[in-house]
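Visitor: Counting in our numbering, the sequence shown runs without a single skipped number right up to 564 at its last residue.
Glycine included, every Cβ here is placed at the ideal spot set by N, Cα and C.
In this text, all values refer to a predicted model and were calculated from it rather than measured experimentally.
The structure is given below, and queries will be raised subsequently.
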Amino acid sequence: MYYLHFLYNFRSLPDRYTNVREIAQTRSILSLGLSCFKLCNVSSSASLTTTDISTEPSPVDNSYDIATNGMVKIKQWTYSVQTFNVVLLCSEDYMVEPAALKFLIEHGFDFNKQYSSGVSYYRGKEKGEKESNAAASTAGPTARKLFEVLLWSEVPIVFHNGFVDLVFLYQNLYTDLPASLQIFLADLSEMFPGGILDTKYIVEFVDRLPATYLEYVFRKWQRINALQSGIEHRRVCLEFSKHSSYHASVTYSHCDLPATAVEMDYIPNAKILQELVCQNFAGHGWCSKGKKCPKSHAIDLILDLDGIKTAKNRQRRRKLAALKEQSGDRTSNGMDCKKFVDEEIATLHNSEEILKSDSYTKLVNCSLSMSDDVMEDGNSDEVKISNRSQYNDNIDSIMNAYLETSFKLDESRSGCHRAGFDAFMTGFVMACLLNKHTSVQEAQDFSFGAGLKLNDLDGVEKLRNKVYATGKDQPLLVSKSAFTSASKNHKERLLQVRGSC
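Written as structure tokens, this is what we have:
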């Protein structure tokens with residue numbers, strides 16, 4: 064699916080729906096991404112010491128743990144994942160915009176492949192004999208049948224900024240859209256009884272991330288999942304089906320983490336990163352100059368720039384905690400604690416700020432309270448590189464540290480399989496968000512591969528059936544009011560779906 068720049072010119076949500084409805088009736092879906100996540104197990108490991116924690120990348124998520132001072136508890140949610148990308152071809156006339164075609168070509172979409180092997184479909188209400196004949200002449204399942212199975216299964220469905228996606232799916236693979244927004248929402252509530260979740264709503268209104276476009280959110284949660292620190296880790300582990308490497312229909316996408324990251328105590332020069340990063344892309348995930356932009360669009364570079372302050376604070380906390388322990392040892396040996404602290408604390412960044420803080424007095428008394436006041440970010444741009452990093456602090460070496468992983472991520476999102484990879488990223492983000500915001504009852508049974516239902520998670524109701532609405536301070540609630548009935552087309556179609564599968 065592609066976005067048109069004028070979709071959100073209307074402030075009123077009913078007017079906005081009318082506008083998107085008209086667009087969906089004359090445009091088509093080019094490719095459909097579907098990523099299936101099944102929660103297979105939730106396990107809690109025994110407490111681990113720092114010497115027990117592996118520092119080698121995991122074969123599943125390419126992760127390793129940062130050593131922490133103390134015991135570590137890991138709660139792991141294990142998912143089985145399969146991702147599909149279906150190239151579609153509308154069998155009716157449809158409109159295209161030159162700007163949209165240019166965007167798709169620049170991002171590697173193969174129109175030859177679409178027209179030669181795309182799965183054909185008709186928009187709107189089923190066309191009776193015409194569509195039946197088309198389906199009979201096509202080997203294998205149809206796009207409409209795929210959507211019917213999705214509805215029949217009554218599983219939760221997850222989107223990232225899903226309003227336009229829902230409108231297009233309804234018109235293209237279900238039936239003709241109703242005239243009003245309220246009826247459309249009533250239809251959706253019956254179509255997806257398992258619930259609709261929108262990751263953009265959650266990261267925007269619940270987590271309050273500085274940027275909420277999909278690639279940024281995915282990469283941020285991938286880093287959090289793999290490089291988290293602290294005494295308790297809540298981790299998402301993914302298991303993929305094994306396919307023959309020579310299978311023509313299987314594509315492997317790479318989303319390796321960078322060799323350096325602020326979560327690994329690599330703190331780059333903030334001024335250099337500011338000069339390298341395209342600020343418009345960093346904030347919104349879009350730049351009018353596209354690939355011609357002289358600034359970098361590398362997501363890992365953007366994330367490191369956003370995370371410098373947090374990394375500095377974390378580094379100071381560790382250093383001050385170590386200082387507290389050392390000062391306690393010196394005191395037990397009869398040495399002057401205050402003199403030792405005065406000498407050591409001067410080596411920290413922003414020493415004047417720390418010396419002026421209330422926490423300095425507590426440090427001298429060997430009972431340091433790690434208050435946020437001590438952790439305020441200063442103006443120093445000195446580069447601190449841990450022993451994990453071998454990079455010099457100059458533009459060329461910094462760019463080389465990001466370009467390889469950025470290229471792999473861009474390559475995974477390009478071409479005809481872009482929709483599938485976007486679906487996978489959305490699913491992974493949702494898995495991490497559920498791990499963070501919900502909990503599983505201890506008695507939950509995962510035997511016989513039954514998996515876990517969304518309704519079994521405590522706290523999920525606050526996330527469900529709330530769709531992000533651009534420019535609004537409230538989400539769009541997917542529900543059926545007492546004063547609104549579902550549309551006739553929907554009732555007929557849903558009855559057919561429930562009876563045919």
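#1: So, under 8 Å CB-CB, Pro77 and Phe268 are touching, yes? Tell me the CB distance rounded to an integer number of Å.
#2: So is Val159 buried or exposed if we call it buried at 16+ other beta carbons inside 10 Å?
#3: Given this structure, state the Cα-to-Cα distance separating Ile259 from Val227, to the nearest angstrom.
#4: Roughly how many angstroms separate the alpha carbons of His306 and Ala322, rounded to a whole number?
#5: Spatial neighbours of Thr238 within its chain, please: C-beta separation below 7 Å, excluding the five flanking residues on both sides.
#6: Taking just the CA atoms, how far does Cys300 sit from Lys138?
#7: Please name the residue in Lys525, Val503, Phe484, Arg271 whose C-alpha comes closest to that of Lys516.
#8: Measuring CA to CA, which of Ser544, Ile220, Phe210, Asn518 is closest to Phe100?
#9: With contact counted as at least three CB pairs below 8 Å, one residue from each stretch, are the stretch 340 to 351 and the stretch 370 to 384 in contact?
#10: Determine whether the beta carbon atoms of Val144 and Ser98 lie at a separation below 8 Å.
#11: Take the Cβ of Asp444 as the centre, count every other Cβ of all protein chains shown within 10 Å, and call the residue buried at 16 or more, exposed below.
#12: Return the chain-ordered list of same chain residues with a C-beta closer than 7 Å to the C-beta of Ala486, the five sequence neighbours on each side being excluded.
#13: Going by DSSP in three states, Leu320 sits in which element: helix, strand or coil?
#14: Quick one: which unbroken beta strand (DSSP E) runs of 3-plus residues sit fully inside the stretch 205 to 246? Chain order, please.
#15: Out of curiosity, what's the CA-to-CA distance linking Val230 and Ile246?
#16: What do you reckon, are the CB atoms on Ile86 and Leu151 nearer than 8 Å?
#17: Could you compute how far the alpha carbon of Ser180 sits from the alpha carbon of Asn332?
#18: Is the distance from the Cβ of Val212 to the Cβ of Gly257 below 8 Å?
#19: Using a Cβ-Cβ cut-off of 6 Å (strictly less than) and excluding sequence neighbours within five positions of Phe281, which residues of its own chain qualify?
#20: Applying the 10 Å Cβ sphere with the 16-neighbour rule, what's the burial state of Ala494?
#21: Count the other C-beta atoms from every protein chain shown that fall within 10 angstroms of the C-beta of Asn455, then say buried if there are 16 or more, exposed otherwise.
#22: For the putative contact between Val541 and Ser216, defined by C-beta atoms under 8 Å, what is the C-beta separation to the nearest angstrom?
#23: Report the partner residues of Arg566 according to the DSSP bridge assignment.
#24: Below 8 Å on the Cβ atoms is my contact criterion, and I expect Glu326 with Arg286 to pass it. Report the Cβ-Cβ distance as a whole number of Å.
#25: Between which residues of its own chain and His310 is the CB-CB distance below 7 Å, once the five residues before and five after are set aside?
#26: Can you check which of these residues, Cys356, Glu302, Phe210, is closest to Lys254 by C-alpha distance?
#27: Grouping DSSP H, G and I as helix and E and B as strand, with all else coil, what is Glu278?
#28: Would you list the one or two residues that DSSP bridges to Leu95?
#29: I'd like to know whether the C-beta atoms of Lys499 and Tyr264 end up nearer to each other than 8 Å.
#30: Let's see if you can read the secondary structure: which residues bound the alpha helix (DSSP H) around Thr180?
#31: Under the assumption that Ala289 contacts Leu248 (Cβ atoms under 8 Å), give the Cβ distance between them as a whole number of angstroms.
#32: Can you grab the Cα-Cα spacing for the pair Leu526 / Glu302, in whole Å?
#33: For Val530, which residues does DSSP report across the bridge?
Guide: The short version:
#1: Position 14 of the sequence shown holds residue 77. Position 205 of the sequence shown holds residue 268. About 21 Å; that fails the 8 Å criterion.
#2: Taking the sequence shown and counting its residues from 1, the one referred to as residue 159 is at position 96. Per the 10 Å Cβ criterion, exposed.
#3: The residue you call residue 259 lines up with position 196 of the sequence shown. The residue you call residue 227 lines up with position 164 of the sequence shown. Each residue's alpha carbon lies about 14 Å from the other.
#4: Along the sequence shown, read from residue 1 onward, the residue named residue 306 stands at position 243. Along the sequence shown, read from residue 1 onward, the residue named residue 322 stands at position 259. Between His306 and Ala322, the alpha-carbon positions lie close to 28 Å from each other.
#5: What you label residue 238 is simply residue 175 of the sequence shown in a count that begins at 1. Excluding positions up to five away in sequence, the list reads Gly187, Lys188, Asn552, His553, Arg556.
#6: Along the sequence shown, read from residue 1 onward, the residue named residue 138 stands at position 75. Along the sequence shown, read from residue 1 onward, the residue named residue 300 stands at position 237. In a straight line, the C-alpha of Lys138 is about 10 Å away from that of Cys300.
#7: For the purposes of this step, residue 516 is taken as the residue at position 453 of the sequence shown. Ranking Lys525, Val503, Phe484, Arg271 by CA distance to the CA of Lys516 puts Val503 first.
#8: By 1-based counting over the sequence shown, the position of residue 100 is 37. Considering only alpha carbons, the answer is Ile220.
#9: Judged by Cβ distances under 8 Å, the stretch 340 to 351 makes no contact with the stretch 370 to 384, as fewer than three pairs qualify.
#10: In the sequence shown, counting from the first residue as 1, residue 144 sits at position 81. In the sequence shown, counting from the first residue as 1, residue 98 sits at position 35. Result yes, Cβ atoms of Val144 and Ser98 sit closer than 8 Å.
#11: Your numbering for residue 444 matches position 381 in the sequence shown. Because Asp444 sits at a pLDDT of 38, beneath the cut-off of 50, its placement in the model cannot be relied upon, and the following sentence gives the value as read from the coordinates. Here Asp444 is exposed: its Cβ has fewer than 16 other Cβ atoms, across all protein chains shown, within 10 Å.
#12: Taking the sequence shown and counting its residues from 1, the one referred to as residue 486 is at position 423. Contacts found: Gly96, Leu97, Ser98, Thr146.
#13: On the sequence shown, position 257 is the one that residue 320 refers to. Three-state DSSP puts Leu320 in coil, outside helix and strand.
#14: Complete beta strand (DSSP E) runs here, min 3: 220 to 222.
#15: For the purposes of this step, residue 230 is taken as residue 167 along the sequence shown, with counting starting at 1. For the purposes of this step, residue 246 is taken as residue 183 along the sequence shown, with counting starting at 1. Looking at the two C-alpha atoms, the distance is approximately 12 Å.
#16: As a first step, residue 86 is located in the sequence shown; it is residue number 23 there, counting from the start. As a first step, residue 151 is located in the sequence shown; it is residue number 88 there, counting from the start. No; because the gap between Cβ atoms is not below 8 Å, this pair is not in contact.
#17: Position 117 of the sequence shown holds residue 180. Position 269 of the sequence shown holds residue 332. About 49 Å.
#18: Here the question's residue 212 lines up with position 149 in the sequence shown. Here the question's residue 257 lines up with position 194 in the sequence shown. No, Cβ-Cβ distance for Val212 and Gly257 is not below 8 Å.
#19: Looking up residue 281 in the sequence shown gives position 218. Answer for Phe281: Met488, Val492, listed in chain order.
#20: For the purposes of this step, residue 494 is taken as the residue at position 431 of the sequence shown. Per the 10 Å Cβ criterion, buried.
#21: What you label residue 455 is simply residue 392 of the sequence shown in a count that begins at 1. Per-residue confidence for Asn455 stands at a pLDDT of 44, beneath the threshold of 50, marking its modelled position as unreliable; the derived number appears in the next sentence. That one is exposed.
#22: Indexing the sequence shown from 1 puts residue 541 at position 478. Indexing the sequence shown from 1 puts residue 216 at position 153. Wrong, their Cβ atoms sit about 18 Å apart, outside the cutoff.
#23: It is not possible to answer for residue 566, since the shown part of the chain is limited to 64 through 564.
#24: By one-based count along the sequence shown, residue 326 stands at place 263. By one-based count along the sequence shown, residue 286 stands at place 223. Correct: roughly 6 Å between the Cβ atoms.
#25: Locating residue 310 in the sequence shown gives position 247, counting from the first residue. Here the set comprises nothing.
#26: As a first step, residue 254 is located in the sequence shown; it is residue number 191 there, counting from the start. This sequence places Met at residue 254; Lys is not what is there. Taking each of Cys356, Glu302, Phe210 in turn and checking the Cα distance to Met254, the smallest one comes out for Phe210.
#27: In the sequence shown, residue 278 corresponds to position 215, counting from 1. Glu278: helix per DSSP, three-state reduction.
#28: Looking up residue 95 in the sequence shown gives position 32. In the DSSP output, where bridge partners are listed per residue, Leu95 has Val149.
#29: Here residue 499 is taken as the residue at index 436 of the sequence shown, counted from 1. Here residue 264 is taken as the residue at index 201 of the sequence shown, counted from 1. It is not a contact, given that the beta carbons lie outside the stated cut-off.
#30: Residue mapping note: residue 180 aligns to position 117 of the sequence shown, counting from 1. Going by the sequence as given, residue 180 is Ser instead of Thr. From DSSP, the alpha helix (DSSP H) with Ser180 extends over 174 to 180.
#31: Here residue 289 refers to the residue found at position 226 of the sequence shown. Here residue 248 refers to the residue found at position 185 of the sequence shown. Contact flag wrong, Cβ pair sits at about 38 Å.
#32: The count along the sequence shown starts at 1 and reaches residue 526 at position 463. The count along the sequence shown starts at 1 and reaches residue 302 at position 239. Using only the alpha carbons, I get a separation of about 25 Å.
#33: Locating residue 530 in the sequence shown gives position 467, where the first residue counts as 1. Val530 has Leu539 as its beta-bridge partners, per DSSP.
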